[in-house]
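Visitor: Next up is a structure, given as structure tokens.
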Amino acid sequence: MAEEKKKAEPPAGKAIRIRSLGDVNAAINAVIDRSSAISGLSVMAEGIFRADFTVGVATKKSVLAPSKTFSMFFVPDSMTERAFIKRFIAKTGKLKETHLKKAEKEGIWNYFFPETEDHVHFGMTGALPFGNMNVYFFSLSPTRSDVIKSVSAFIKGLKNNTLSDNFYEESDQLRSRWIGPGVVAGVLAIEALILLFSSAPVYRFGRGTDAGLPNLAAALFFLTMGGLALIRRFRITYLFLLLTEMATIANIIVVGILAQKLHLSFTVQNFGITLLHLFLLVFIPIRGQDFNVFSLRQFYKRVLFGFRDWSHM
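Laid out in structure tokens, this is it:
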């Protein structure tokens, strides 16, 4: 009797493919040490991804910029370890390639740099294979016991033979979907239609009584923002919506309270656009995952500052 075929399962290790921040988020959630928390995810140049973590009780510099205790880099396996390390230390501003010869090995850190006048104090692991990527861990606090414990747990998780199954489960739940970009683009298209089918100028910044933008110009601007949302470029759209409604509130407070008289232009069309703006201001952060942003802190940091670089280590 022919042997019954078993359902094919993706093999561990090489079956994993990291192509986006959603995949990075899934990979981290598949192996994360629960004593640490993600403080931010970002895209580096040349397909390099970075995840920053806070472990234990850390002093926060601010709500938007918490202190980071260690970071995790996902680097394409086409880049050699030495090439990445050279690229990385060049970003610190104080390190030079010659310092690699002075690097020590201490515990889990393949590259350990004690603090001196020449360079900053940090530790970095060597390349850890993970699907189509190599993973590196980096910390400015390489001797802290909680950092060492958390990074060691991550390293052990990366070597787990059942990791592929966990990754695919997390990837399905955490992947970026088109709901967010689609709804945002659709709402902005509705706003553009409201403008195009109105005779008198509708859109006025801050809902003041000035002449406002011509309906055609405002409609084209809304359609452009919708197009940006479809390619997950949400920053300009969100900033515009936020500033518009902040100007409306400021206008109400300054003119309404101080002058005891409101100078607002609220037609039915204008009121409808305002409600749609407020909806988007709430909806976009809720669906931040669809825009490759995975926490509210990271969302507002991206909106206000546009950080997509090496995050100052």
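Here my numbering is used: the first residue of the sequence shown is -12, the next is one more, and so on. We put the beta carbon where it would ideally sit given N, CA and C, even for glycine.
Rounded to the nearest angstrom, what separates Glu178 and Arg222 at their Cα positions?
Guide: Their backbone Cα atoms lie some 19 Å apart in a straight line.
Visitor: Drop a sphere of 10 angstroms on the beta-carbon of Ala172, count the other beta-carbons inside from all chains shown, and report buried for 16 or more, exposed for fewer.
Guide: Burial call: buried.
Visitor: Assuming Ser58 and Phe125 form a contact by the criterion Cβ under 8 Å, report the distance between their Cβ atoms to the nearest whole angstrom.
Guide: The Cβ separation is near 5 Å, so the contact holds.
Visitor: Looking at the structure shown, is Lys48 part of a helix, part of a strand, or coil, going by DSSP?
Guide: With a pLDDT of 47 at Lys48, under the threshold of 50, the predicted position of this residue should be treated as unreliable, though the coordinate-derived value follows. In the structure shown, Lys48 sits in coil (DSSP, three-state: anything other than H, G, I, E or B).
Visitor: Is the CB-CB distance between Leu210 and Leu175 below 8 Å?
Guide: In contact: Leu210 and Leu175 (Cβ atoms closer than 8 Å).
Visitor: Please list, in chain order, all residues of the same chain as Gly27 whose beta carbon is under 6 Å from its beta carbon, the five residues on each side excluded.
Guide: Taken in chain order, the residues that qualify are Asp39, Gln285.
Visitor: Could you give the first and the last residue of the continuous alpha helix (DSSP H) run that contains Ala172?
Guide: First-last of the alpha helix (DSSP H) with Ala172: 166 to 183.
Visitor: Could you check whether Ser163 and Asn16 sit closer than 8 Å to each other, using their CB atoms as the reference points?
Guide: Result no, Cβ atoms of Asn16 and Ser163 do not sit closer than 8 Å.
Visitor: Taking DSSP as the reference, what is the three-state secondary structure of Met111?
Guide: DSSP places Met111 in strand when its eight states are reduced to three.
Visitor: Which same chain residues end up closer than 8 Å to Ile166 when comparing Cβ atoms and leaving out the 5 residues on each side of it in sequence?
Guide: Only Arg274, Asp277 meet the Cβ criterion.
Visitor: Apart from the five residues just before and just after Ala183, which ones in its own chain have a Cβ nearer than 8 Å to its Cβ?
Guide: According to the sequence as given, residue 183 is Leu; it is not Ala. So the qualifying residues of the chain are Asn202, Leu203, Ala206.
Visitor: Relative to the C-alpha of Ser137, which candidate in Asn121, Pro168, Val42 has its C-alpha closest?
Guide: Ranking Asn121, Pro168, Val42 by Cα distance to Ser137 puts Val42 first.
Visitor: For Gly214, which residues of its own chain have a beta-carbon under 8 Å away from its beta-carbon, when the five flanking residues on both sides are left out?
Guide: For Gly214, where only same-chain residues beyond five positions count, the Cβ hits under 8 Å are Ala172.
Visitor: Measuring only the C-alpha atoms, how far is Ala308 from Met31?
Guide: The structure shown does not extend to residue 308, since the chain is modelled only from -12 through 300, so no value can be given for it.
Visitor: In or out: Asp64 buried (at least 16 other Cβ within 10 Å) or exposed?
Guide: Answer is exposed; the Cβ neighbour count stays below 16.
Visitor: So is Met233 buried or exposed if we call it buried at 16+ other beta carbons inside 10 Å?
Guide: Exposed, since its Cβ has fewer than 16 Cβ neighbours within 10 Å.
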